[in-house]
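Have a look at the structure below before the remarks.
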Amino acid sequence: MIFDYIVDVIFDCLAIIATLNQPYSFSGHTATGNIFNIQADAAQRNMISSNRHIVHFDLDTFFVSVERLLNSSLEGKPVIIGGTSGRGVVASCSYESRRFGVRSAMPMKMALQLCPDATVIRGDMEAYSKYSHLVTEVIASRA
């Protein structure tokens, strides 16, 4: 039963991203646009509401986005947020720096070898927390 629930959650995600009039099929379910049919037993119907929406927010580069809000000169440039000491690690990085192989949790020394022209920012947890609360408020107000 839990597997069927996971399948339905995945299906809901596919239904949300489905282009209008482009049918998707997943594990016996079909979707067109935002209209989908879930074939589930009574217990699953009680657990899964057809009025439910699942939204995925990609916040991989959230810290970088905040820094770019505060400093627009960082737009389009490789940016790495993280510890600047010899043992520092990458907390977040822009997509521009990811093209060079930089990833979160990577040692900063390695990241700078891969992307030596990156702008490195120590980070501002107070600013990130402030903007995180704003994002959470918007989500809560729409839920």
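Here the sequence shown is numbered in this note's numbering, starting from 996 and rising by one per residue. We put the beta carbon where it would ideally sit given N, CA and C, even for glycine.
What's the call for residue i, buried or exposed, on a 16-neighbour Cβ count within 10 Å?
{"i": "residue 1131", "result": "exposed"}
{"i": "residue 1111", "result": "exposed"}
{"i": "residue 1076", "result": "buried"}
{"i": "residue 1125", "result": "exposed"}
May I ask you to report which of helix, strand or coil DSSP gives residue i?
{"i": "residue 1114", "result": "strand"}
{"i": "residue 1100", "result": "coil"}
{"i": "residue 1085", "result": "strand"}
{"i": "residue 1140", "result": "With the chain covering only 996 through 1138, there is no way to say anything about residue 1140."}
{"i": "residue 1049", "result": "coil"}
{"i": "residue 1054", "result": "coil"}
{"i": "residue 1070", "result": "coil"}
{"i": "residue 1063", "result": "helix"}
{"i": "residue 1015", "result": "Its pLDDT being 34, under 50, residue 1015 is placed unreliably by the model, and the measurement read from it follows with that caveat. If DSSP states are grouped into helix, strand and coil, residue 1015 belongs with coil."}
{"i": "residue 1137", "result": "helix"}
{"i": "residue 1093", "result": "helix"}
Check this for me: beta carbons of residue i and residue j, under 9 Å apart or not?
{"i": "residue 1116", "j": "residue 1052", "result": "no"}
{"i": "residue 1113", "j": "residue 1092", "result": "yes"}
{"i": "residue 1050", "j": "residue 1123", "result": "no"}
{"i": "residue 1074", "j": "residue 1102", "result": "no"}
{"i": "residue 1139", "j": "residue 1136", "result": "Residue 1139 lies beyond the residue range present for the chain, which begins at 996 and ends at 1138; the question has no answer from this structure."}
{"i": "residue 1063", "j": "residue 1069", "result": "yes"}
Report yes or no: do three or more beta-carbon pairs, one from the region 1097 to 1117 and one from the region 1070 to 1089, lie closer than 8 Å?
yes
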